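No gaps in the numbering here: position 70 of the sequence shown is 418 in our numbering, and each next residue is one more.
C-beta: ideal position from N, C-alpha, C; glycine also.
The structure presented is a predicted model; accordingly, all values stated were derived computationally and were not measured.
Scroll down for the structure; my scribbles are underneath it.
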Amino acid sequence: MAAIHSKQMQEALAEAGKALALGEFPVGCVISRNDQIVARAHRTNSHNHANELDHAEITALRTLLNQEGETAQDNSPLTVYATLEPCLMCFAALLLNNVRTIVYAYEDVMGGGTGLDLRALPPFYREMEITIIPHIRRADSLALFKDFFSNPETNYWPDSHLSHYTLDQP
């Protein structure tokens with residue numbers, strides 16, 4: 349299983365690299381079903397906090413839904429591979445869209461949502477069985493975030509807890 353996680357995360361890292369090349373926050377995401385990638389995306393519209401809806405996970409979900417439509421027959425659980433731990437918004441959206449495994453590379457010490465205790469929520473969420481797998485290809489993702497936060501032109505969370513934490517990493 350570790351090999352497939354590494355391979356799929358490489359695809360998410362490629363998406364993050366596209367974002368970084370465009371000066372965007374370097375988050376990439378792929379969604380897989382039965383170990384086959386069914387959607388992919390990267391962060392867009394992050395300049396000056398222009399848009400906090402176009403996170404990689406949300407964009408990948410939109411892509412998947414546009415491809416399959418609301419009447420998709422395959423109800424197999426989905427796996428998400430993200431270069432940064434999903435935020436609370438993305439975490440909830442992933443859960444609502446049948447994602448049952450979340451694999452991420454780099455921890456979001458400022459806004460990561462995967463630590464949310466679903467058992468403390470209403471039954472709909474409390475009864476979900478979710479698998480969280482952190483730190484797959486963490487060093488590769490960290491390198492992208494270091495490049496991003498080291499750039500003096502970065503205007504997305506430049507003086508944040510996440511930027512300081514990232515730049516302090518060995």
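One thing to note: A367 has its Cβ within 8 angstroms of the Cβ of V375. When the Cα atoms are used, T392 and F373 turn out to be separated by approximately 8 angstroms.
Using a Cβ distance threshold of 8 angstroms, T462 and F493 do not count as a contacting pair. Buried is the label assigned to S380, since at least 16 other Cβ atoms lie within 10 Å of its Cβ. DSSP, read as helix, strand or coil, puts Q384 in strand. Annotated three-state conformation of H353 is helix, per DSSP.
By the C-beta density criterion, F472 is exposed, having fewer than 16 other C-beta atoms within 10 angstroms. Assignment of I406 by DSSP, reduced to helix, strand and coil, places it in the helix class. Close CB contacts of M357 within its chain, under the 7 angstroms cut and outside five residues either way in sequence, are with Y429, V451, A453, I484, R485 (chain order). E475 and S508 have their C-alpha atoms spaced approximately 35 angstroms apart.
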